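One structure is given here, and the rest of the page talks about it.
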Amino acid sequence: MNQSMRYFLSFFLAAATLASASLLNTAGAATAEDLNADSKQALQGLFKANPAAENIARQAKAVLVFPKIIKAGLVFGGSYGEGVLMKGTQVVDYYNSVSGSWGLQAGAQSYGYAVFLMSDKAVKYVAETKGWEIGVGPTVVVVDEGVSKNLSSSTLKEDAYAFIFDQQGLMAGVSIEGTKISLIKR
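So the sequence shown is numbered by numbering that gives the first Met the number 0: it starts at 0 and just counts up by one.
Shown next as structure tokens:
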């Protein structure tokens with residue numbers, strides 16, 4: 000590889016990193032009140048688009064709602080967003096959602112997700128650890144359209160169910176596996 004190509008690649012990676020950082024910085028809500036309102040609105044939108052989510056919400060002990068996650072990457076990537084833990088209709092705590100990745104990837108996207116905590120054990124785990132790495136701790140089932148059609152009160156056996164919604168952008172696929180959810184002060 001010639002010298003000018005190395006400079007170009009170095010410049011391109013630096014620019015992509017800065018762009019990713021600026022995009023990730025916009026994923027936080029301005030105030031606690033904004034985050035509360037955005038989370039409640041996102042949950043209502045999810046219920047409208049996927050009635051199975053509303054059925055699960057009725058049985059859930061709590062729900063983590065992240066109304067807007069921003070993900071960007073070029074070989075190395077990351078995602079960030081802020082959300083709330085709700086018990087019933089009351090917001091009880093604030094969390095952020097962070098992930099990092101590397102591999103064949105390029106682009107940016109936004110999406111939201113909600114994790115319905117079905118047991119007191121799952122709620123206690125999130126509270127006592129001040130956070131949670133998805134894939135470690137309570138079992139999480141990511142619900143897609145096919146799975147949601149087969150869910151009923153008698154089939155809800157796992158600790159948590161996650162729904163991804165409002166996906167927009169130029170990156171293929173969304174995975175929340177390995178995402179770190181941590182308690183924040185608002």
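All residues carry an ideal CB built from backbone N, CA and C; glycine is no exception.
Every value quoted in this text rests on a predicted model; they were computed, and no experiment measured them.
DSSP places Gly-87 in the coil class of the three-state scheme, outside both helix and strand. If you draw a straight line from the Cα of Val-64 to the Cα of Ala-113, it comes to about 4 Å.
The beta carbon of Ala-59 sits closer than 7 Å to those of Phe-115, Leu-116, Met-117, all from its chain and outside the five residues before and after it, given in chain order. Ranked by Cα distance from Pro-66, the options Ala-29, Leu-73, Val-83 are led by Val-83. In the three-state scheme derived from DSSP, where H, G and I count as helix and E and B as strand, Leu-169 is classed as coil. In the same chain as Leu-169, and ignoring 5 residues on each side of it, the C-beta atoms closer than 7 Å to its own belong to Gly-106, Ala-107, Gln-108, in chain order.
Using a Cβ distance threshold of 8 Å, Ala-31 and Tyr-79 do not count as a contacting pair.
Contact between Trp-131 and Ile-180 holds, since their C-beta atoms are separated by about 5 Å, short of 8 Å. With respect to Ile-163, Val-141 sits close: the two C-beta atoms are nearer than 8 Å.
Distance between Glu-81 and Asp-119, taken at the CA atoms: about 23 Å. The alpha-carbon separation between Gly-77 and Pro-50 amounts to approximately 30 Å. In the displayed model, Glu-157 falls within coil according to three-state DSSP, outside both helix and strand.
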